[in-house]
Amino acid sequence: MRIFLLPMNNFQGLTQEEAQQKLKEFGPNEIKDAYKTSALQILLRQVKKNFVIYLLSLTAIASFALDKGVTGYVILVVIAIVVVTGFFQEYKAEKAIGALRKMIMPVSRVIRGGKEREIPSGEIVPDDVIILRTGEKVPADCVVLNESNLKTNESILTGESIDIKKAAALSAASCSDENLVFMGSYVVNGRCIAQVIHTGMNTKFGKIAGMISKAEKNLPLQDKVNSISKYMVIVGITAATLTGIVLFTRADVITPDVLVGILIIVIALSVSSFPEGFPVVLIATLAAGVNRMAKQNAIVNRMSIIETLGETSVICSDKTGTLTKGEMTVRKVYVNGKLYDVSGVGYEARGEITINAEKQDVIKNEPLIRLIQSAVICNDSNIERLGNDAFYKVIGSSTEGALLILGAKFGLFKESFSNSNIEEMPFDSQRKMMSVLYKDKDEKIVYAKGAPEVILNKCTSIQTERGIEKLPEERKREILELNQQLTSQSYRSLAFAYKANPHAQYTEDEFVFLGLTGMEDPPRKEAAKAIAFCKQSGIKVKMITGDNKETARAIAGQIGIEGNILTGEELDKLSDNELINVIGSTGIFARVKPEDKLRIVKALKANNEIVTMTGDGVNDAPALKEAHIGVAMGINGTDVSRSVADITLKDDNFATIVVAIKEGRTIFNNIRKFVTYQLSCNLADIYILFIGMIAAPYLGWYIPIITALQILFMNIVTDNMPAITLGFNGTSKDIMEERPRKNAQILTKEFLDLIIFNGVFMGIIAFCVSYFSYNIVKFPPEVARTTVLVSMVMVQIANAYNFRSFRYRVLTRGLLVNKYLFFASLMSIIATLLIIYTPLREMFETAVLGIESWLIALGAALTITISFDILKTINNRTKFFLHHVH
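Numbering follows numbering that gives the first Met the number 0, in which position 284 of the sequence shown is assigned residue number 283; successive positions increment by one, without gaps.
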């Protein structure tokens with residue numbers, strides 16, 4: 000980075016002409032998306048990448064060409080649902096860059112030509128001199144020229160919610176991060192004059208945006224759907240072609256009417272083979288999962304990732320605000336040689352001080368109450384009560400907020416003391432302390448806090464329960480050793496002192512030492528349990544943080560994350576191949592940069608892991624998009640992370656991600672159930688039509704046995720409706736005891752065997768019904784055909800109940816275990832009655848049926864139900880067929 004500092008006494012800034020020239024040279028100060036996709040491109044992508052759409056379109060065209068308008072229009076509706084749903088899901092993801100732009104200040108104050116003026120932030124150029132005050136966001140990367148008590152919060156870039164002290168740069172050669180402020184961060188204290196060094200996409204913020212726009216995701220679900228559809232189309236086209244050839248060779252004379260008749264039959268077979276409702280059922284099943292996850296605080300942005308979520312083998316989680324609360328909390332207090340524990344977590348003013356589990360009377364403990372009072376008075380932040388409860392919001396530093404919450408737990412509030420503050424010497428990085436001159440009635444007292452080694456060096460005595468005593472050097476060393484122990488346990492420590500000061504002015508020396516506080520950002524109480532559950536499920540959890548090695552190791556130990564620790568500095572020295580080799584044994588990553596997180600996710604993917612990444616800041620966004628599943632925080636997350644992520648957690652609770660993975664596994668099982676069910680129904684249609692076509696001339700049956708429109712009716716009403724409700728099946732109790740699936744296919748050999756067996760079995764039942772109706776009881780042809788139709792409807796409904804579970808028998812479970820399936824079955828029966836007993840029968844070419852036909856249909860349904868219950872009983876004992884199914 001080349002920095003050319005302006006003279007410290009020359010804050011004239013650029014002239015307007017110089018600024019205009021630089022604007023032409025460097026361009027506007029804005030976040031660009033080099034890969035921005037228009038709404039039309041997103042819409043076209045739904046068609047280009049989806050083989051199912053092509054097949055549906057061809058079927059619709061053929062239907063219209065053969066004057067089957069109803070069939071064609073129904074298929075067009077299916078196409079519209081698939082395309083529109085996919086469009087809206089992907090359109091949300093394209094808002095990420097827009098969210099980045101909103102995070103930049105719309106206007107900024109600059110000095111140009113020696114005059115202070117306000118300009119749009121987009122017009123800022125390198126070498127501009129800008130003015131920043133408390134509460135303002137930094138519009139570009141800048142070097143600090145002059146400052147007054149300047150502190151910034153860079154959590155938007157680092158993920159760590161701490162205030163960072165900034166200092167003016169002394170020279171270009173000695174510039175470091177301490178002298179720089181970055182686009183997207185904001186000023187929490189003080190003010191400064193700064194010189195712009197980078198704008199737009201050249202800033203740290205812009206480089207992250209570039210990584211987001213370049214990262215593309217490739218999810219397997221659509222490929223699996225297309226693969227299944229292609230397979231079924233091949234089967235159907237083969238059967239339809241063979242049937243067409245047979246009919247063509249049988250025809251005595253080839254006339255236009257004969258050709259049209261053959262084409263209609265071929266279309267009927269094609270329709271029967273092709274799962275035209277498959278995409279709609281898939282979307283409905285995913286939508287059911289989305290709804291269930293939303294009720295459990297996981298908001299899904301892209302439905303297609305749910306299936307991949309269930310395959311998760313590694314969770315990469317940010318520490319601050321995800322595994323921890325993101326709220327600094329005082330957990331230890333040391334006074335008078337005793338180390339006390341403080342209960343309570345976060346910004347809730349409830350808790351006690353104990354020692355050896357014994358509650359202490361704080362008011363009667365002079366050193367203790369004096370320390371807490373010092374922590375409240377010597378403090379330049381504030382807390383604000385949220386509602387009528389004991390929860391507070393911190394305004395200012397999270398570290399100082401933790402001290403104010405400590406006071407609030409014991410009824411000490413800053414408002415009670417602030418009017419008595421006479422003078423303050425604020426904290427700075429050189430003194431490493433702050434102090435306040437406070438008037439208590441007629442007495443003036445100086446309270447101080449800061450780094451323990453600094454405060455102890457300025458103390459000559461110590462507060463004890465007996466009063467003020469001399470503080471020898473040996474005692475100071477003991478206190479510093481204790482402080483080192485607190486630091487090694489990830490606590491952030493501060494020391495407190497006071498002294499009486501009768502003078503109007505005061506000096507920071509000869510203090511009375513009060514004690515130490517140890518604070519931390521505590522782990523979420525649910526985190527350890529959730530991580531243990533992940534281990535049980537074969538899911539590895541890796542913590543990625545910007546914290547130092549010691550803090551990261553301590554937090555990981557508390558919540559049960561295991562493995563080696565790797566720092567960002569060590570990671571930088573590794574090649575990509577070396578990282579791939581060591582990443583499996585590494586569980587903790589400390590002091591990492593956004594680029595490091597991206598490398599970590601890529602290395603895990605190279606090891607064939609299915610990666611779920613959780614995060615909340617802009618720094619997490621590139622890795623969120625690169626991971627198979629990106630999970631953002633809803634409360635503390637940024638707009639950018641939420642826009643890029645696939646899932647947003649409303650409660651910012653790490654445990655919710657485990658619930659989401661559990662739901663993902665359930666969804667995958669339900670997808671398998673409805674796919675197996677629906678394809679076996681399609682195969683049964685092919686079987687009865689194809690075999691019936693061969694046998695019909697010899698048995699005196701109608702050709703085709705079931706018409707194209709009747710097949711479409713079954714596919715949509717009695718295939719799709721029950722199939723949709725299979726997506727509402729509940730979660731098996733032991734579903735998380737399995738190891739994660741890796742690139743699992745929806746249809747394994749076991750399930751393909753089941754589809755073939757079930758499809759052929761239903762086809763045989765339909766064939767028997769047809770033979771019985773035509774040749775045994777000798778129904779009229781129209782009645783016989785309708786009896787076959789009704790029997791197939793009843794068999795498919797019964798089959799849906801078979802597929803509720805591959806383990807439990809239908810006849811031993813209630814009909815309302817899946818109430819949605821019960822109502823879908825009822826609607827299917829009502830729809831069937833409508834096309835038989837209303838004028839709709841003319842359109843569907845059906846006939847009115849008597850009780851005999853319905854008894855035949857009921858017998859067919861009972862046959863398949865009892866047969867499958869017997870098979871399930873045998874399979875539960877021997878596992879001869881389906882393994883590891885629910």
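Don't be surprised by glycine CBs; every beta carbon is placed ideally from N, CA and C.
Q. Which residue comes first and which comes last in the alpha helix (DSSP H) that contains R552?
A. K548 to I558
Q: Return the CA-CA distance between A620 and T459, expressed in angstroms with no decimal places.
A: 51 Å
Q. Given L470, which residues of its chain have a CB within under 7 Å of its CB, disregarding the five upstream and five downstream residues?
A. C458, T459, S460, I461 and F512
Q.
Which residue wins for smallest C-alpha separation from L725, given the options R803, E17, M424 and L814?
A. R803
Q) Going by the beta-carbon positions, is the gap between R132 and K324 smaller than 8 Å? A) no
Q: Run the CB neighbour count on A860, radius 10 Å, all protein chains shown included, and call it buried at 16 or more, exposed below.
A: buried
Q | For M433, the three-state DSSP class (helix, strand or coil) | A | strand
Q) Nearest CA to the CA of V341: which residue from H502, K331 and N335? A) K331
Q.
Between V658 and V313, how many whole angstroms is the CB-CB distance? I'm expecting something under 8 Å.
A. That pair is no contact at about 18 Å.
Q) What residue range is occupied by the uninterrupted alpha helix (DSSP H) comprising K165? A) It is not in any alpha helix (DSSP H) - K165 carries neither H nor E in the DSSP assignment.
Q) Is the CB-CB distance between M713 and M761 below 8 Å? A) no
Q) Leaving out five residues before and five after I579 in sequence, what residues of the same chain have Cβ atoms less than 8 Å from its Cβ? A) A602, A605 and N606
Q | For I130, the first and last residue of its enclosing beta strand (DSSP E) | A | V128 to R132
Q) F766 to I869, Cα distance in whole Å? A) 22 Å
Q | Buried/exposed call for P780, threshold 16 Cβ in 10 Å | A | exposed
Q. Near D595, what residues of its chain come up, given a Cβ to Cβ distance below 6 Å and the 5 sequence neighbours on each side ignored?
A. G567 and L570
Q.
Within a Cβ cutoff of 8 Å, which residues of the same chain sit near S866, ignoring the five residues on either side of it in sequence?
A. F760
Q. Helix, strand or coil for M518 per DSSP?
A. strand
Q: Could you check what DSSP says for E594 in three-state terms: helix, strand or coil?
A: helix
Q: Check whether the region 173 to 193 touches the region 144 to 161, taking contact to mean three or more Cβ pairs, one atom from each stretch, closer than 8 Å.
A: yes
(Q) For T665 and L746, I'd like the C-alpha separation in whole angstroms. (A) 16 Å
**Q.** Own chain, CB closer than 6 Å to N145, minus 5 neighbours either side, in chain order
**A.** A167 and I192
Q) Roughly how many whole angstroms lie between the Cα atoms of G395 and I227? A) 57 Å
Q.
Going by C-alpha to C-alpha distance, which of F412, I628, E749 and Q194 sits closest to E310?
A. I628
Q.
For a test of the three-state rule: what should DSSP assign to C141, helix, strand or coil?
A. strand
Q.
Can you confirm whether the region 292 to 299 touches the region 355 to 369 when touching is taken to mean that 3 or more C-beta pairs between the two stretches lie within less than 8 Å?
A. no
Q: Select from D427, E115, Q677 and E736 the residue whose C-alpha is nearest the C-alpha of L753.
A: Q677
**Q.** Closest residue to N178 among I835, N148 and N576 (Cα-Cα distance)
**A.** N148
Q. Taking DSSP as the reference, what is the three-state secondary structure of G12?
A. coil
Q) Which class does Q488 belong to by DSSP, given the choice of helix, strand or coil? A) coil
(Q) Taking the straight line between their C-alpha atoms, what separation do you get for R812 and L285? (A) 25 Å
Q: Starting from the C-beta of N500, find all residues in its chain whose C-beta is less than 6 Å away, skip the five residues before and the five after it, and write them out in chain order.
A: K443 and V445
Q. When you compare only the Cα positions, how much space is there between Q535 and M612?
A. 19 Å
Q | One or two residues paired with A631 in a DSSP bridge | A | G614 and T647
(Q) Measuring CB atoms only, is the region 770 to 777 touching the region 811 to 831, in the sense that at least three cross pairs come out at less than 8 Å? (A) no
Q.
Applying the 10 Å Cβ sphere with the 16-neighbour rule, what's the burial state of P451?
A. buried
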